[in-house]
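In this note's numbering, the protein residues as written are 10 to 201.
Glycine included, each C-beta is placed from N, C-alpha and C at the ideal position.
Here is the structure we will look at, set down as structure tokens.
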Amino acid sequence: MPTHPDADAFVRAILASPEDVTARLAFADWLQEQGGVPNLAWACYVRLHIEIADLESRGKKCGLLRREADGHATYITANVSVPAAAIRLTHDFIEQIIPSSRCMVTLAGCDIPHEVIEWVPIAVAHEESVLPLSIRGQSLVLAAAAPHSQRLATGLGSILENEVLIVGADSDELLAEITHYYGRWEPTGDER
10 MPTHPDADAF VRAILASPED VTARLAFADW LQEQGGVPNL AWACYVRLHI EIADLESRGK
70 KCGLLRREAD GHATYITANV SVPAAAIRLT HDFIEQIIPS SRCMVTLAGC DIPHEVIEWV
130 PIAVAHEESV LPLSIRGQSL VLAAAAPHSQ RLATGLGSIL ENEVLIVGAD SDELLAEITH
190 YYGRWEPTGD ER
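Structural data, given as structure tokens:
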């Protein structure tokens with residue numbers, strides 16, 4: 010999935026300082042200046058999430074704004090590429106910038122703690138080609154080669170009994186990291 014280098018740089022800067030609303034607003038302005046329906050939708054998505062975060066910090070409910078943001082998300086066609094380590098540090102935040110399925114992570118150099126790896130059974134990791142990156146509360150971020158698969162998100166959410174956010178990863182890099190963390194795996198007769 011191709012990404013846009015300028016958008017990648019903006020998103021990395023935002024993830025480095027997630028509390029900086031000015032950086033997110035500058036990004037939304039930049040997207041708007043780029044023009045086109047996908048960029049305008051993305052700008053609206055970012056601005057709505059700024060408003061949602063502000064309202065929620067004051068104890069307000071934001072169901073309508075979330076639905077509006079979700080509506081804009083369907084028009085976003087860009088992908089961004091960020092290091093998986095940035096997602097691990099800002100787990101709850103990525104969805105405020107871009108839908109998680111539009112985020113591609115590079116796994117090199119990301120040290121995933123054993124307690125996070127334990128959340129996904131070896132059979133699930135290998136069969137579904139997913140790697141857990143982070144968990145906070147009941148929310149689990151997984152890297153997958155097919156981040157747009159609704160079946161994968163819904164199925165894994167049920168299996169793992171958690172809210173699941175799925176980000177994309179290169180399939181070869183993902184397989185190498187799954188093997189690194191889980192070892193090689195061959196299903197037994199019962200698991201086939």
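* Beta-ladder partner(s) of Thr188, from DSSP -> Looking at the DSSP output, Thr188 shares a beta bridge with no other residue.
* To do: Drop a sphere of 10 angstroms on the beta-carbon of Ser26, count the other beta-carbons inside from all chains shown, and report buried for 16 or more, exposed for fewer.
  => It counts as exposed.
* Asked: Which partner residues does Pro172 have in the DSSP bridge list?
  -> The amino acid at residue 172 is misidentified as Pro; the sequence shows Glu. In DSSP, Glu172 forms a bridge with Ser148.
* To do: Name the two residues that bound the continuous alpha helix (DSSP H) containing Pro14.
  => Membership of Pro14 in the alpha helix (DSSP H) is indicated by the continuous run 14-25.
* Asked: Thinking C-beta only, is Ala132 closer than 8 Å to Leu140?
  -> For Leu140 and Ala132, no; Cβs fall outside 8 Å.
* **DSSP-derived helix/strand/coil call for Cys119** => DSSP places Cys119 in coil when its eight states are reduced to three.
* To do: For Glu202, count neighbouring Cβ atoms within 10 angstroms of its own Cβ and tell me buried if that reaches 16, exposed if not.
  => Residue 202 is absent from the structure shown; the chain starts at 10 and stops at 201.
* **Given Ser148 as reference, the closest of Glu136, Phe102, Gly177, Val46 once Cα atoms are compared** => Comparing Cα-Cα distances from Ser148 to each of Glu136, Phe102, Gly177, Val46, the minimum goes to Phe102.
* To do: State the DSSP-derived secondary structure class of Pro141, mapped to helix, strand or coil.
  => Strand, per DSSP.
* Under 8 Å between C-beta atoms of Ile121 and Leu151 -> Not closer than 8 Å, so no.
* Count the other CB atoms within 10 Å of the CB of His58; is the residue buried (16 or more) or exposed (fewer)? -> Looking at its Cβ environment, which holds 16 or more other Cβ atoms inside 10 Å, His58 is buried.
* Bridge-paired residues (DSSP) for Cys112 -> Partner(s): Val89.
* So what does DSSP say about Ala154, is it helix, strand or coil? -> Ala154: coil per DSSP, three-state reduction.
* Asked: Which residue comes first and which comes last in the alpha helix (DSSP H) that contains Ile59?
  -> Residues 46-66.
* By how many angstroms is the C-alpha of Arg193 removed from the C-alpha of Leu74? -> Approximately 45 Å, taken between the alpha carbons.
* For Ile144, I'd like the list of residues in its chain whose CB is within less than 7 Å of its CB, leaving aside the five on either flank, ordered along the chain. => Here Ile144 has Val125, Trp128 as same chain residues with Cβ atoms under 7 Å from its own Cβ, once five neighbours each way along the sequence are excluded.
* **Start and end residues, alpha helix (DSSP H) containing Thr31** => Looking at the DSSP string, the run of the alpha helix (DSSP H) that includes Thr31 is 30-43.
* So is Gly44 buried or exposed if we call it buried at 16+ other beta carbons inside 10 Å? -> It counts as exposed.
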